[in-house]
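Everything on this sheet refers to the single structure shown next.
There are 2 protein chains.
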Amino acid sequence: MDQKEISLRGAGAILTIDLAAIVANWQTLQAVSGTECGAVVKADAYGLGLHPVVKALYEAGCRTFFVAHAFEGAEVRALAPEAIIYVLNGVRPAQEYTFAAHNLRPVLNSVPEVEDWGQYCATSHKRAPDGSLLKAGLRIDTGVNQLGLKLYDLERVDHLSPLFDVTLLLSQLVTADDSIADRQIEAFDKIRARYPGVPASLANSAAIFLDNNPPLYDLVRPGYALYGGNPVPGRPNPMRPVVRLDAHIIQVRVLEPGHSVGVERLWKARGPRRVIMVAAGLADGIPSGLTDNEKHVGGKALIQGTLCPYVSDIAMDYSVIDVSDATYLERGEMVELLGKTVTIDDFAAMANVSGYEILSNLGRRCHRRYQPL
Amino acid sequence: MDQKEISLRGAGAILTIDLAAIVANWQTLQAVSGTECGAVVKADAYGLGLHPVVKALYEAGCRTFFVAHAFEGAEVRALAPEAIIYVLNGVRPAQEYTFAAHNLRPVLNSVPEVEDWGQYCATSHKRAPDGSLLKAGLRIDTGVNQLGLKLYDLERVDHLSPLFDVTLLLSQLVTADDSIADRQIEAFDKIRARYPGVPASLANSAAIFLDNNPPLYDLVRPGYALYGGNPVPGRPNPMRPVVRLDAHIIQVRVLEPGHSVGVERLWKARGPRRVIMVAAGLADGIPSGLTDNEKHVGGKALIQGTLCPYVSDIAMDYSVIDVSDATYLERGEMVELLGKTVTIDDFAAMANVSGYEILSNLGRRCHRRYQPL
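In order, the protein sequences belong to chains Y and G.
Numbering (UniProt numbering) for the first sequence: 1 to 373.
Numbering (UniProt numbering) for the second sequence: 1 to 373.
Encoded structure:
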């Protein structure tokens with residue numbers, strides 16, 4: 001038993017991350033979209049580990065990365081020297097230097113932001129490593145939400161155009177409603193006409209799989225789908241599963257009718273039951289919504305081929321699962337809480353939260369194990 | 001502006017942790033209980049940082065720490081060489097060596113666990129650093145939940161008593177119902193009689209503040225209350241607030257009636273509104289339940305003295321707050337999302353989750369800033 005094995009035995013829960021599946025998903029998204037495929041790796045690559053994920057994708061050929069913050073961009077830069085890196089939350093006052101130092105491109109979201117960036121580019125005389133102007137993307141408001149630049153905003157900042165290169169026009173297509181999407185595409189095309197030759201990106205993962213083939217332009221930027229999330233809810237998931245969560249069994253208990261477990265005592269056994277206490281709780285990213293309560297049906301884990309319900313409240317360090325219908329289990333064994341059958345999307349639906357929230361919170365205390373490429 | 005200041009400017013959200021308040025809370029709990037006060041520091045000290053928290057408490061005189069996992073215990077051991085460290089999730093097969101190596105005491109929860117620990121102590125000939133027997137706590141089932149040892153369980157493992165020292169009897173008092181508490185105390189005392197001279201711990205933080213003064217025995221073991229959580233829900237919080245969460249404003253937007261923000265577009269402005277987009281979202285531990293929806297009123301942030309509602313969905317990297325009733329705000333400024341007015345407990349109630357869940361998920365991406373002692 002090597003050090004790594006000992007450390008995994010010490011872990012309460014183990015999050016296994018299939019790097020080959022992330023790469024395969026990226027390749028699928030690129031093939032299906034028929035255009036350049038970037039990768040959204042913000043928030044520590046959705047909680048799965050920025051370093052291994054960026055390394056794997058960069059080696060596979062990914063050359064455009066999206067993060068939320070400049071400090072995340074600086075980490076990507078260290079791993080992907082030749083990549084283009086966009087910072088989706090944009091640039092705040094006094095942050096500009098970080099962008100120049102690490103060759104990051106802010107996604108500019110508002111008129112004051114464009115003005116500040118233009119001012120910085122004009123006064124600092126900073127240049128990209130190849131001597132060209134500093135670069136930025138523009139988030140376009142295509143009429144759906146109000147968090148980007150409109151046509152008249154762009155007209156107001158036109159005089160700043162010579163100060164930096166606009167290298168990407170971004171917006172996000174609403175995939176749930178065709179009539180909205182058509183208006184968005186029309187608005188986007190109107191603005192694209194003002195920036196001839198500038199690459200454009202409108203599609204998230206869902207748009208790539210739409211039957212009506214909306215224009216994907218020059219770049220798609222999947223996030224959740226890369227990590228195995230279903231980009232087309234309600235239809236079979238075209239992505240390969242990426243994560244599996246296993247937890248150690250701390251105890252096996254036989255309960256008599258009326259017995260409760262946990263401090264809150266909201267759940268009581270209706271008949272003789274066998275439950276296990278597994279070493280993964282709120283602090284490991286298991287959401288409180290996973291348990292049965294008066295408003296909500298609760299979640300299930302796949303234990304030896306049988307779906308078994310979570311009972312009692314999710315505690316900070318453990319969860320309790322009713323395994324009466326499963327085969328015999330012993331303390332010290334591991335059980336799968338999340339994987340190919342109970343997927344991230346299932347887990348999120350059972351807990352009544354989004355899959356983004358599930359991924360973001362998993363793996364803070366869970367040990368992460370990477371399946372190599 | 002030093003490196004640290006630059007790094008904080010780079011952060012989207014900053015979690016400020018008042019170490020002096022944690023120490024003051026520990027001292028209050030010790031004074032009010034009139035007995036030894038330990039500290040629960042599992043899950044990276046409830047997400048606030050194991051290293052600084054344990055260092056501060058150890059320097060203040062805390063000598064008994066509780067964690068959930070052996071690997072957390074090993075980290076505490078490195079910081080607190082003379083401390084007693086209990087591992088609440090107990091010991092699993094093949095984990096025993098870690099306990100002996102770092103002088104950790106498992107809290108034994110079941111008969112098989114007691115048997116395995118006894119067997120290990122008998123066959124390994126491992127000893128505590130002072131040459132005495134290895135040690136363990138016993139979790140007692142006092143009739144409330146079924147996750148500890150009952151009297152007849154203890155009788156079954158009596159022959160193992162010479163193999164290790166039992167140094168703590170633990171259970172948890174139900175504070176919401178006096179009749180249950182009385183039965184628990186009776187059951188606990190019956191078991192204590194079997195272990196003369198062995199310290200006992202029955203009280204969580206709430207019990208310390210109960211008017212009917214339940215017996216606190218030899219050790220109290222607060223967790224959430226140390227970190228500023230209210231141990232007596234519905235009554236004024238006797239603890240000092242510990243955490244504050246501030247986030248940078250990414251954008252300020254004026255919306256016309258009918259405008260929406262965010263991708264989901266579930267929220268629409270009913271009149272002319274001014275909103276801010278702040279750089280803290282799901283991936284920073286802002287729970288999705290904080291926003292208004294059909295089932296739930298949603299949360300508010302204290303912006304310049306005015307409580308302002310979260311609107312639209314919480315996105316992965318940002319939240320949107322309606323600041324129409326606040327004074328003028330600018331992009332780049334910081335706003336307080338959590339602190340003395342909107343406390344952890346308020347935040348949890350607004351999001352319909354527990355305070356434990358809030359603390360556990362904050363600070364994964366937020367930068368942590370410590371107010372020194």
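For each residue, glycine too, the CB sits at the ideal point set by N, CA and C.
No experiment lies behind these values; they were computed from the predicted model shown.
* Among P162/Y, C366/Y and I180/Y, which residue has its Cα nearest to the Cα of T279/Y? -> On the first sequence, position 279 is the one that residue 279/Y refers to. Reading the sequence as shown, one finds Ala at residue 279/Y and not Thr. For the residues P162/Y, C366/Y and I180/Y, the minimum Cα distance to A279/Y belongs to C366/Y.
* To do: Pick out whichever of L337/Y, Q95/Y, A13/Y and P372/Y has its Cα sitting closest to the Cα of G332/G.
  => If you number the second sequence from 1, residue 332/G lands on position 332. The candidate whose alpha carbon is nearest that of G332/G is Q95/Y.
* is_contact[V342/Y, chain B] using C-beta, thresh 8 Å -> No chain B is part of this structure, whose protein chains are labelled Y and G.
* Start and end residues, alpha helix (DSSP H) containing residue 383/Y -> Here chain Y has residues from 1 to 373 only, and residue 383/Y is not among them.
* To do: Could you pull out every unbroken alpha helix (DSSP H) segment of at least 4 residues lying fully inside the segment 1-56 of chain G, listed in chain order?
  => 3-10, 19-33 and 42-46
* Which value, in whole angstroms, describes the spacing of the CA atoms of V87/G and K135/G? -> Your numbering for residue 87/G matches position 87 in the second sequence. Your numbering for residue 135/G matches position 135 in the second sequence. Approximately 11 Å, taken between the alpha carbons.
* Asked: Can you tell me the Cα-Cα spacing of I276/G and G258/G, whole angstroms?
  -> The residue given as residue 276/G occupies position 276 in the second sequence. The residue given as residue 258/G occupies position 258 in the second sequence. C-alpha separation (whole angstroms): 17 Å.
* Going along the chain, which residues of the segment 80-105 of chain G sit with their C-beta nearer than 7 Å to a C-beta in chain Y? -> L88, N89, G90, R92, P93, A94, Q95 and T98
* Asked: Given V320/G, which residues of its chain have a CB within under 6 Å of its CB, disregarding the five upstream and five downstream residues?
  -> Start at 1 with the first residue of the second sequence, and residue 320/G comes out as number 320. Here the set comprises V261, V275, M277, V311 and S312.
* **Interface positions of the segment 104-127 of chain Y facing chain G (Cβ-Cβ less than 9 Å), listed along the chain** => N109, S110, P112, E113 and D116
* Kindly indicate the opening and closing residues of the beta strand (DSSP E) around L338/G. => As a working note, residue 338/G is residue 338 in the second sequence. Note, L338/G: beta strand (DSSP E), M334 to L338.
* To do: Using the Cα positions of I249/G and M316/G, report the straight-line distance between them to the nearest angstrom.
  => To locate residue 249/G, count along the second sequence from 1; it is residue 249. To locate residue 316/G, count along the second sequence from 1; it is residue 316. Their Cα atoms are separated by approximately 15 Å.
* Skipping 5 residues on each side, what residues in its chain have a beta carbon closer than 7 Å to that of L151/Y? -> Within the first sequence, numbered from 1, the residue matching residue 151/Y stands at position 151. Answer for L151/Y: K190 and I191, listed in chain order.
* **Inter-residue spacing [alpha-carbon to alpha-carbon] between A31/G and K340/G** => Start at 1 with the first residue of the second sequence, and residue 31/G comes out as number 31. Start at 1 with the first residue of the second sequence, and residue 340/G comes out as number 340. Using only the alpha carbons, I get a separation of about 23 Å.
* Asked: Can you tell me whether DSSP reads V342/G as helix, strand or coil?
  -> Residue mapping note: residue 342/G aligns to position 342 of the second sequence, counting from 1. In the structure shown, V342/G sits in coil (DSSP, three-state: anything other than H, G, I, E or B).
* For the segment 125-141 of chain Y against the segment 160-171 of chain Y, are there 3 or more C-beta pairs whose distance is under 8 Å? -> yes
* Hey, A56/Y and I22/Y are a contact pair by Cβ (cut 8 Å); roughly how many whole angstroms apart? -> Locating residue 56/Y in the first sequence gives position 56, where the first residue counts as 1. Locating residue 22/Y in the first sequence gives position 22, where the first residue counts as 1. Rounded, the Cβ-Cβ distance is 6 Å, consistent with contact.
* Cutoff 8 Å: V353/Y Cβ touching any chain G Cβ -> For the purposes of this step, residue 353/Y is taken as residue 353 along the first sequence, with counting starting at 1. Yes, its Cβ sits closer than 8 Å to a Cβ of chain G.
* **Bounding residues of the beta strand (DSSP E) (the contiguous stretch that carries D322/G)** => If you number the second sequence from 1, residue 322/G lands on position 322. That run of the beta strand (DSSP E) goes S319 to D322.
* Asked: To the nearest angstrom, how far is it from the Cα of V91/G to the Cα of Y227/G?
  -> Here residue 91/G corresponds to residue number 91 of the second sequence, with the count starting at 1. Here residue 227/G corresponds to residue number 227 of the second sequence, with the count starting at 1. If I take the Cα positions, the gap works out to 27 Å.
* **Interface flag, N361/G vs chain Y, CB-CB below 8 Å** => Locating residue 361/G in the second sequence gives position 361, where the first residue counts as 1. True, the Cβ-Cβ gap to chain Y drops below 8 Å.
* Asked: Would you call the CB atoms of V41/G and L50/G closer than 8 Å?
  -> By 1-based counting over the second sequence, the position of residue 41/G is 41. By 1-based counting over the second sequence, the position of residue 50/G is 50. In this structure, L50/G lies closer than 8 Å to V41/G by Cβ.
* **Assigned exposure category for T306/Y - 16 Cβ within 10 Å defines buried** => Mapped onto the first sequence, residue 306/Y falls at position 306. Exposed, by the Cβ-count rule.
* Asked: Under a three-way DSSP split, which group does Q371/G fall into?
  -> Position 371 of the second sequence, counting from 1, holds the residue named residue 371/G. Of the three classes helix, strand and coil, the one that applies to Q371/G here is strand, per DSSP.
* Could you name the residues of the same chain whose beta carbon sits closer than 6 Å to that of M1/Y, not counting the 5 residues immediately before and after it, in chain order? => In the first sequence, counting from the first residue as 1, residue 1/Y sits at position 1. Model confidence at M1/Y stands at a pLDDT of 39, short of 50, so the residue's coordinates are unreliable; what they give is reported in the following sentence. No residues qualify anywhere along the chain.
* Any idea what DSSP makes of F209/Y, helix, strand or coil? -> The residue labelled residue 209/Y in the question sits at position 209 within the first sequence. The answer is coil: DSSP assigns F209/Y none of H, G, I, E or B.
* Whose CA, out of E186/Y, D165/Y and G12/Y, lies closest to the CA of P215/Y? -> The residue labelled residue 215/Y in the question sits at position 215 within the first sequence. Of E186/Y, D165/Y and G12/Y, the residue nearest in Cα terms is E186/Y.
* **Expected contact under 8 Å - CB spacing of Q146/G and R364/Y to nearest Å** => Looking up residue 146/G in the second sequence gives position 146. Looking up residue 364/Y in the first sequence gives position 364. Not confirmed; about 29 Å, so no contact.
* Amino acids of chain G, ordered along the chain, whose beta-carbon sits closer than 7 Å to that of M277/Y -> Position 277 of the first sequence, counting from 1, holds the residue named residue 277/Y. The contacting residues are L147.
* **Rounded Cβ spacing between C121/Y and L133/Y (contact assumed at less than 8 Å)** => Numbered from its first residue, the first sequence carries residue 121/Y at position 121. Numbered from its first residue, the first sequence carries residue 133/Y at position 133. About 7 Å separates the two Cβ atoms, so the contact holds.
* Alpha carbon to alpha carbon, how far is K300/G from L173/G? Give it in angstroms, no decimals. => Mapped onto the second sequence, residue 173/G falls at position 173. Mapped onto the second sequence, residue 300/G falls at position 300. Straight-line Cα distance between these residues: approximately 34 Å.
* **Contacts that A68/G makes with chain Y (C-beta to C-beta distance below 9 Å)** => Looking up residue 68/G in the second sequence gives position 68. Correct list: G12, A279, G281, A283, M316, D317, Y318 and R365.
* Could you tell me whether any Cβ in chain G is nearer than 8 Å to the Cβ of Y310/Y? => In the first sequence, the residue the question calls residue 310/Y occupies position 310. Judged by the 8 Å Cβ criterion, Y310/Y is not in contact with chain G.
* **Partners in chain Y for H259/G, counting only beta-carbon separations shorter than 9 Å** => Walking along the second sequence from the start, residue 259/G turns up at place 259. Going along chain Y in sequence order, the residues near H259/G (Cβ under 9 Å) are N145 and Q146.
* How about E115/G and L163/G: do their beta carbons lie closer than 8 Å? -> Reading the second sequence from its first residue, position 115 is the one you call residue 115/G. Reading the second sequence from its first residue, position 163 is the one you call residue 163/G. Contact: no.
* Asked: Quick one: is P231/Y buried, meaning 16 or more other Cβ sit within 10 Å of its Cβ, or exposed?
  -> On the first sequence, residue 231/Y is found 231 positions in, with the first residue counted as 1. Per the 10 Å Cβ criterion, buried.
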